[in-house]
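As given, the protein sequences belong to chains A and H, one line each in that order.
Throughout the first sequence, residue numbering follows our numbering, covering 1 to 111 in sequence.
Throughout the second sequence, residue numbering follows our numbering, covering 112 to 226 in sequence.
Comments concern the structure below.
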Amino acid sequence: ELKVEQNPLFLSMQEGKNYTIYCNYSTTSDRLYWYRQDPGKSLESLFVLLSNGAVKQEGRLMASLDTKARLSTLHITAAVHDLSATYFCAANTSGTYKYIFGTGTRLKVLA
Amino acid sequence: NAGVMQNPRHLVRRRGQEARLRCSPMKGHSHVYWYRQLPEEGLKFMVYLQKENIIDESGMPKERFSAEFPKEGPSILRIQQVVRGDSAAYFCASSPPAGQGLEQYFGPGTRLTVT
Chain A
1 ELKVEQNPLF
11 LSMQEGKNYT
21 IYCNYSTTSD
31 RLYWYRQDPG
41 KSLESLFVLL
51 SNGAVKQEGR
61 LMASLDTKAR
71 LSTLHITAAV
81 HDLSATYFCA
91 ANTSGTYKYI
101 FGTGTRLKVL
111 A
Chain H
112 NAGVMQNPRH
122 LVRRRGQEAR
132 LRCSPMKGHS
142 HVYWYRQLPE
152 EGLKFMVYLQ
162 KENIIDESGM
172 PKERFSAEFP
182 KEGPSILRIQ
192 QVVRGDSAAY
202 FCASSPPAGQ
212 GLEQYFGPGT
222 RLTVT
C-alpha cells in the first residue's frame with residue numbers, strides 16, 4: 001500500500017532564507033503533485049511531476065522528482081511572508097487515479 | 112469555465128441526522144473524487160466515481176457513508192446518522208476522461224460540523 005511521508009511537519013523560517021521540504025513515497029507511483037492550502041481554503045495545484053529528474057519552477061518555488069529514490073523536494077528560495085501556508089505532496093497509486101496525500105508541512109515565514 | 116462546485120460550503124448537523132454533500136465537476140470532467148480532511152491533517156481519499164459507477168471506494172467507511180454520481184446532476188456524498196467524529200472538511204475533485212489530462216481539480220470544500 002502506498003504511503004507518503006513529508007518532513008518537516010512544521011517549518012518556521014525567516015524571510016529571505018532558503019529551505020527544502022521533503023516528500024518520500026513508499027511504492028511505485030506514476031506522478032507526484034504539490035499543493036498549497038491556505039487556512040480554511042481549498043487546495044491550489046502548484047506542480048505535477050511525471051518523470052525521473054523532472055524539475056519545475058514557479059517564482060520562488062522549485063519542485064523536483066527522483067523516482068529511483070522515491071523522493072520529491074519542494075525548494076523555497078528567499079522566502080517571503082506570502083508563502084506562509086500548508087504544503088502537501090500527493091502521489092497516485094500506480095495505474096490508478098487514487099491520490100495519497102502526505103501529512104502536510106505547515107510553513108510560517110517570519111518577517 | 113466554472114471550477115468544481117461544492118455545496119453547501121458549511122453544514123451543521125446534530126448527531127443522528129443525515130448530511131448530504133454535493134459536488135458538480137468541472138465542465139467536461141467525468142471523474143469525481145471525494146476526500147476528507149480532519150483538522151490539522153492531510154486529505155484522506157474516500158471514493159472515486161465515474162458517471163453511474165463507483166470505481167474505487169476503498170477509503171469509505173463501511174457503514175453510514177455512501178456516494179453516487181448519477182447520469183444527470185451532481186455527485187452526492189451522503190453520511191447517515193452523523194457522529195461528532197464526522198466533523199471535517201470534505202473536498203471533491205474532478206478530472207477529465209482518461210487520456211485527456213492527469214490533474215485533479217479541487218472544489219472549495221464543505222465544512223461539516225456535528226453538534
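Virtual Cβ for every residue (Gly too), placed ideally from N, Cα, C.
Interface partners of residue i on chain H, CB under 7 Å
| i | result |
| --- | --- |
| G102(A) | G153 |
| K98(A) | F156, Y159, D167 |
Buried/exposed call for residue i, threshold 16 Cβ in 10 Å
| i | result |
| --- | --- |
| V55(A) | exposed |
| H81(A) | exposed |
| S29(A) | buried |
| V123(H) | exposed |
| P136(H) | buried |
| V194(H) | exposed |
| S206(H) | buried |
| N92(A) | buried |
| A113(H) | exposed |
| D38(A) | exposed |
CB contact check: residue i to chain A, cutoff 8 Å
| i | result |
| --- | --- |
| Y159(H) | yes |
| S206(H) | yes |
| G196(H) | no |
| H140(H) | no |
| F176(H) | no |
| F180(H) | no |
| G184(H) | no |
| G220(H) | yes |
Secondary structure of residue i, DSSP reduced to three states
| i | result |
| --- | --- |
| D66(A) | strand |
| D82(A) | helix |
| I60(A) | It is worth fixing the name first, because residue 60(A) is Arg in this sequence and not Ile. Coil, per DSSP. |
| R125(H) | coil |
Contact with chain H by residue i, beta-carbon distance below 8 Å
| i | result |
| --- | --- |
| S42(A) | yes |
| Y19(A) | no |
| V55(A) | no |
| F88(A) | yes |
| S45(A) | yes |
Identity of the residue in the options nearest residue i by Cα
| i | options | result |
| --- | --- | --- |
| Y33(A) | I21(A), L110(A), F88(A), L2(A) | F88(A) |
| L125(H) | A209(H), A200(H), Q192(H) | Sequence check: residue 125(H) is Arg here, not Leu. Among A209(H), A200(H), Q192(H), the Cα nearest to that of R125(H) is on Q192(H). |
| G220(H) | F176(H), P207(H), G184(H), Y146(H) | Y146(H) |
| I166(H) | P150(H), P119(H), G184(H), S141(H) | S141(H) |
| K98(A) | A90(A), A78(A), T105(A) | A90(A) |
| T73(A) | A79(A), N92(A), F10(A), F47(A) | F47(A) |
7 Å Cβ cut-off: residues of chain A touching residue i
| i | result |
| --- | --- |
| F217(H) | S42, L43 |
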